[in-house]
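Numbering of the sequence shown is given in the UniProt record's numbering, commencing with residue 1 and proceeding in unit increments.
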Amino acid sequence: MASSTRVDLDGNPIKPITICMIGAGGFIGSHLCEKLMSETPHKVLAVDVYNDKIRHLLEPASLPWADRIQFHRINIKHDSRLEGLIKMADLTINLAAICTPADYNTRPLDTIYSNFIDALPVVKYCSENNKRLIHFSTCEVYGKTVGCFLPTDSPLRQDPAYYVLKEDASPCIFGPIEKQRWSYACAKQLIERLIYAEGAENGLEFTIVRPFNWIGPRMDFIPGIDGPTEGVPRVLACFSNNLLRREPLNLVDGGQSQRTFIYIKDAIEAILLMIENPARANGHIFNVGNPNNEVTVRQLAEMMTQVYSKVSGESALETPTIDVSSKEFYGEGYDDSDKRIPDMTIINKQLGWKPKTSLWDLLESTLTYQHRTYAEAVKKAMSKPVAS
Ligand code: NAD
Ligand code: UDP
Numbered sequence: 001m002a003s004s005t006r007v008d009l010d011g012n013p014i015k016p017i018t019i020c021m022i023g024a025g026g027f028i029g030s031h032l033c034e035k036l037m038s039e040t041p042h043k044v045l046a047v048d049v050y051n052d053k054i055r056h057l058l059e060p061a062s063l064p065w066a067d068r069i070q071f072h073r074i075n076i077k078h079d080s081r082l083e084g085l086i087k088m089a090d091l092t093i094n095l096a097a098i099c100t101p102a103d104y105n106t107r108p109l110d111t112i113y114s115n116f117i118d119a120l121p122v123v124k125y126c127s128e129n130n131k132r133l134i135h136f137s138t139c140e141v142y143g144k145t146v147g148c149f150l151p152t153d154s155p156l157r158q159d160p161a162y163y164v165l166k167e168d169a170s171p172c173i174f175g176p177i178e179k180q181r182w183s184y185a186c187a188k189q190l191i192e193r194l195i196y197a198e199g200a201e202n203g204l205e206f207t208i209v210r211p212f213n214w215i216g217p218r219m220d221f222i223p224g225i226d227g228p229t230e231g232v233p234r235v236l237a238c239f240s241n242n243l244l245r246r247e248p249l250n251l252v253d254g255g256q257s258q259r260t261f262i263y264i265k266d267a268i269e270a271i272l273l274m275i276e277n278p279a280r281a282n283g284h285i286f287n288v289g290n291p292n293n294e295v296t297v298r299q300l301a302e303m304m305t306q307v308y309s310k311v312s313g314e315s316a317l318e319t320p321t322i323d324v325s326s327k328e329f330y331g332e333g334y335d336d337s338d339k340r341i342p343d344m345t346i347i348n349k350q351l352g353w354k355p356k357t358s359l360w361d362l363l364e365s366t367l368t369y370q371h372r373t374y375a376e377a378v379k380k381a382m383s384k385p386v387a388s
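1) Could you tell me whether any non-hydrogen atom of the ligand NAD is closer than 6 angstroms to the CB of A270?
2) DSSP three-state call for V232: helix, strand or coil?
3) Does the Cβ-Cβ distance between D343 and S257 come in under 7 angstroms?
4) Taking only heavy atoms of the ligand UDP into account, decide whether any of them is closer than 6 angstroms to the Cβ of N250.
5) Which residues in the same chain have their Cβ closer than 6 angstroms to the Cβ of A316, if we skip the five residues on either side of it in sequence?
6) Hey, V252 and S326 are a contact pair by Cβ (cut 8 angstroms); roughly how many whole angstroms apart?
7) With DSSP collapsed to three states, give me the class of A2.
8) Since I believe N290 is in contact with I262 (beta carbons under 8 angstroms), could you give me their beta-carbon distance rounded to a whole number of angstroms?
9) Taking only heavy atoms of the ligand NAD into account, decide whether any of them is closer than 6 angstroms to the Cβ of L85.
10) What residues in its chain sit with their C-beta under 7 angstroms from that of Q350, if we drop five residues either side in the sequence?
11) In or out: W65 buried (at least 16 other Cβ within 10 Å) or exposed?
12) Going by CA-CA distance only, name the one from C186, G26, I76 and T319 that's closest to residue 391.
13) How far does the beta strand (DSSP E) with M21 in it extend, from its first residue to its last?
14) Provide the residue(s) that pair with A46 in DSSP beta bridges, ordered along the chain.
15) What I want to know is whether the C-beta of S257 ends up closer than 6 angstroms to one or more non-hydrogen atoms of the ligand UDP.
16) Is any heavy atom in the ligand UDP found nearer than 6 angstroms to the beta carbon of P101?
17) Please confirm whether S137 and R234 have their CB atoms less than 7 angstroms apart.
18) In terms of residues, what are the limits of the alpha helix (DSSP H) holding E39?
19) Roughly how far, in whole angstroms, is the beta-carbon of L165 from the beta-carbon of Y142, given that I think they are within contact range, below 8 angstroms?
20) At 3 residues or longer, what runs of the beta strand (DSSP E) sit wholly inside the segment 254–290?
Next up, the structure:
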């Protein structure tokens, strides 16, 4: 539990604060609430439409932090209580968003409203009431790398200047409007620009976070078990679902895209530093990722197959992957980021933070959780006769 002698990076004592956390019931929010409850004295006003992922922090009332977390079931699209909660808090953290790629091209209006329009009142209330804001954006605002436009055999493709993504230097490169994949990135970019402008013109104290593929327990859902049967979650849950069902993993367009994956618990350490070191975090945009954990999606599928076999004790499938076109998998208007390596200079300088966990280790703990949580339920669901 939190002791009163905790100090910030400059040696000053940390005062307990109240945080209005919007989207607290999601994947990142649940881990952040857990960290704040178990290691700090701060209070959380947890706002979301769901609370399943934080129920273990809300009940029973005998939990040691019971008086430091309150759940408010609020849809921020239309609820006048939001401004009151932001006024009551010292800091607002906005995580609420539609943020699964399968939605970007199939529900572009909902995506744009969720990531831009619905975030506007949050920015406005923080600015008008002089409250600090930590806003969750995305690494996807970088879009594609400059290097991907070079000829495939160009030696410049090996030069980090053509692919490492820097907060204060890299351009944001999206595809054409008909590629509706970019509706999310574009909405996130515009809200970033608005927050930045509120800082410049009206003195809003803000921090913008650009997560690079954070993964871990409680991410998304397993279709047909704790989410819609036809739903398409992000890649960790898609591949987990395939592994649990002993189906081959789908490699979209050959699985050639590259990603860097970071363990949620490493990333949450960075957010706690931002919360508790406002003088070092305000006015900054931070990449939060692990540049050492880069793989192609094909390599990720192979590694997850190996790790799952180890943690479940089941043999790996003879044909562990199959290729599928993006049109078949995601529908019309899908497009992809080719490569995402975060530059870590700014976060390192401001907060002295570095990620720690290797890809193998983070997959081992995450897939152990997936197996423990879902294997029985999936077996049961698969043994039920299919309605004809
Ligand atoms: P998530 O979907 O698990 O969490 C988002 C939460 O926001 C959900 O619980 C949802 O119910 C809530 N929410 C959405 N609309 C709401 C509304 N109108 N009112 C109240 N609550 C609402 O997603 P996550 O992975 O935890 O992501 C959190 C944030 O981080 C998002 O802004 C996302 O764009 C950003 N992000 C995450 C990643 C990642 O790797 N997980 C990568 C890039 C960006
Ligand atoms: N992907 C895949 N098979 C799946 C799900 C995703 O090949 O079953 C690919 C997807 O096309 C993308 C990458 O995995 O190239 C990461 O997808 P994710 O959903 O995690 O979102 P993104 O990183 O693109 O934001």
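Don't be surprised by glycine CBs; every beta carbon is placed ideally from N, CA and C.
In this text the structure is predicted, and so the values were computed from the model without any measurement.
Let me lay it out:
1) no
2) coil
3) no
4) yes
5) T305 and S309
6) 5 angstroms
7) Low per-residue confidence applies at A2: pLDDT is 49, beneath 50, and the placement is therefore not dependable, though the value from the model is reported in the following sentence. Three-state DSSP puts A2 in coil, outside helix and strand.
8) 4 angstroms
9) no
10) R280, A281 and H284
11) buried
12) The shown model of the chain, from 1 to 388, leaves out residue 391, and the question about it has no answer.
13) T18 to I22
14) M21 and F71
15) yes
16) yes
17) no
18) F27 to E39
19) 5 angstroms
20) 258–260 and 284–288
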